[in-house]
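Chains as they are written, first to last, in the UniProt record's numbering: chain A, 1 to 241; chain B, 1 to 241.
Glycine residues also receive a C-beta, built at the ideal position from the N, C-alpha and C atoms.
Note that the structure is a prediction, hence the values are computed from the model and not measured.
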DNA sequence: CGTCTTGTGTCTTATACAAGACCATGCGAG
DNA sequence: CTCGCATGGTCTTGTATAAGACACAAGACG
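This is how it looks when you write it as structure tokens:
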């Protein structure tokens, strides 16, 4: 009975604010109340509130600007690209990808998909097959698997243009799913005939195989993405700090 | 004249403490003065000092433990392994690598080495060729290039055992170089005959090619490392937050 | 078009108490 | 007497509060 919640107060406040964003009671791009006001409402000191806000900012859930206010982060395609897209050209500069969607299907999850997305056996997933084009050349062939339960009516608004630009923006705007974290496993593989046809490379060309699981702000896995990157003219960049 | 130093005070304090660690006036593993004492010496408030210490801790330059004190981080092999070694087995667990050194040479830097390590043309580098063995099987073939200017007498203490365990520990203990950051570029390549001989795989097997440049606490590049990972039984794991 | 006012986040200081770690003291069992 | 160990004192970092000076942005006003 001593400790109703053992976590530090600033962590509890962070969780409360996190919920408000995830639940949508604070909309994307909207300004949130000023610090003194919010601190008073929550019954904590300004310092404690600031500590919670700093953590939310580090997780890219809010943006703060001195003199202006604090805003719920918008999943702009620029921001999502910088945060999650690690492909660079040989000069080390980010590339600006175009997207071509080739197929969208829905069917029960494979064993692999169920495991990675923590789905029950038999649950359905949507699958999006697409290729990504850099400077006129197709360089990535990928398949995206989404739990159908999280993405109802995915097929309806699926104009290729919609999903092309940046799919995480679409997740957020159309389905309210805020992507904050991803785990990737990288390996090398040889191009199959299907890969070769998409990427325009010889069969057997070494490709960088990227298996990504993406998580939302509540920690649920919401996307499995398997990409095959042709590294003849591009690299996957990692910073370790 | 208005602003002798435009940076916030806590950043200036961070820089001062950073210098003390880099210059060696605070030794590795040693306890640093308690907060009130240090704050008084630097002429800042406890809060400001704490903010600087928090940043140093985030960069893994110090370790703080409630009740005990604050210590200059030791580059233990465990810590370095967790921080910089991203290879996992197929179950997702970290592997415990052994190391076999095959050659150590010194000669003028190649064009590539000079560019990545920011060396003048003609400057010398040491090169260490080694392989890394997981669970009895050689899985990585790599070459490490070090600016000779930063690593005098490298060849003398170069008992394979010394460099085997974790080379960053050796850098720190023998040369005072504190490694804090790395940039990696990943691509896929086919195993050459030399790779095949080391890794015991067929020529042409797709390998994960990892090009890493490592930086010290002063931001200088101190190591270029080119690794070829056999991904038949292992993966390279990345977390994006 | 500049200046002022107002509202916002940022920095710095100060104080108090909580919690973890360590150590010396001293009591009690053997 | 000696050993073992509980206990409390004291040092450490961690958490929470409060208050004021400052910097930046935007709109109102002259």
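Quick one: grab the DSSP three-state call for residue 48/B.
-> In the structure shown, residue 48/B sits in a helix (DSSP, three-state: H, G or I).
Measure how close the beta-carbons of residue 183/A and residue 213/A come, nearest whole angstrom, since I'm counting them as under 8 Å.
-> 5 Å
Can you list the alpha helix (DSSP H) stretches of 4 or more residues lying completely in the region 81–154 of chain A, in chain order?
-> 111–117
Is it buried or exposed for residue 15/B, if we count other Cβ within 10 angstroms and need 16 for buried?
-> exposed
Is there at least one Cβ from chain B nearer than 7 Å to residue 240/A's Cβ?
-> yes
Give the range of the alpha helix (DSSP H) segment to which residue 23/A is assigned.
-> Residue 23/A -> alpha helix (DSSP H) spans 9–23.
May I have the straight-line CA-CA distance separating residue 232/A from residue 224/A, to the nearest angstrom?
-> 25 Å
Kindly indicate the opening and closing residues of the alpha helix (DSSP H) around residue 5/B.
-> Looking at the DSSP string, residue 5/B is not in any alpha helix (DSSP H), and its letter there is neither H nor E.
The beta strand (DSSP E) enclosing residue 65/A, as first and last residue numbers = 62–65
Quick one: which residues of the region 172–183 of chain A get their C-beta closer than 9 Å to a C-beta of chain B? List them in chain order.
-> 180, 181, 182 and 183
Partners in chain A for residue 188/B, counting only beta-carbon separations shorter than 7 Å = 188, 206, 207, 208 and 231
For residue 145/A, the nearest candidate out of 25/A, 114/A and 194/A (CA to CA) = 114/A
Would you decide whether residue 228/A is buried or exposed? Buried here means 16 or more other CB atoms lie within 10 Å of its CB.
-> buried
Over the uninterrupted beta strand (DSSP E) stretch that includes residue 206/B, give me the two end residues.
-> Here the beta strand (DSSP E) through residue 206/B covers 206–216.
With 16 as the cutoff for other CB atoms within 10 Å, does residue 195/A come out buried or exposed?
-> buried
Going along the region 132–157 of chain B in order, which residues come within less than 7 Å of chain A, judged by CB to CB distance?
-> Taken residue by residue, none of the region 132–157 of chain B has a beta-carbon sitting less than 7 Å from a beta-carbon on chain A.
Does the Cβ of residue 203/B have 16 or more other Cβ atoms within 10 Å, making it buried, or fewer, making it exposed?
-> exposed
Going straight from the alpha carbon of residue 206/A to that of residue 112/B, what length do you get?
-> In a straight line, the C-alpha of residue 206/A is about 23 Å away from that of residue 112/B.
Residue 176/A versus residue 88/B - alpha carbon distance | 33 Å
Listed by chain order, chain A residues near residue 237/B by CB distance under 8 Å | For residue 237/B, the chain A residues whose Cβ falls inside 8 Å of its Cβ are 183, 184, 185 and 186, in order along the chain.
Does any residue of chain B bring its CB to less than 7 Å from the CB of residue 84/A?
-> yes
Is there contact here, the region 95–111 of chain B with the region 119–134 of chain B, by at least three beta-carbon pairs under 8 Å?
-> Yes, the region 95–111 of chain B is in contact with the region 119–134 of chain B.
Taking just the CA atoms, how far does residue 32/A sit from residue 39/A?
-> If I take the Cα positions, the gap works out to 12 Å.
Whole-number beta carbon distance between residue 186/B and residue 55/A, since they are thought to touch under 8 Å | Contact flag wrong, Cβ pair sits at about 30 Å.
Thinking C-beta only, is residue 188/B closer than 7 Å to residue 188/A?
-> yes
Name the one or two DSSP bridge partners that residue 234/A has.
-> In DSSP, residue 234/A forms a bridge with 89/A.
First and last residue of the uninterrupted alpha helix (DSSP H) at residue 41/B | 35–42
Selected residue, minimal CA-CA separation from residue 190/A, among 171/A, 181/A and 210/A | 210/A
How would you call residue 216/A, buried or exposed, if buried means at least 16 neighbouring beta carbons within 10 angstroms?
-> buried
Can you check DSSP and say which residues form a bridge with residue 187/A?
-> 209/A
Mapping DSSP to helix, strand and coil, what is residue 226/A?
-> strand
Collapsed DSSP secondary structure at residue 57/B in the structure displayed = helix
Look at the alpha carbon of residue 78/B and the alpha carbon of residue 101/B, and state the distance between them as a whole number of angstroms.
-> 20 Å
Assuming residue 19/B and residue 12/B make a contact with CB atoms under 8 Å, what is their CB distance in whole Å?
-> Their Cβ separation, rounded to whole angstroms, is 11 Å, which puts residue 19/B and residue 12/B out of contact at 8 Å.
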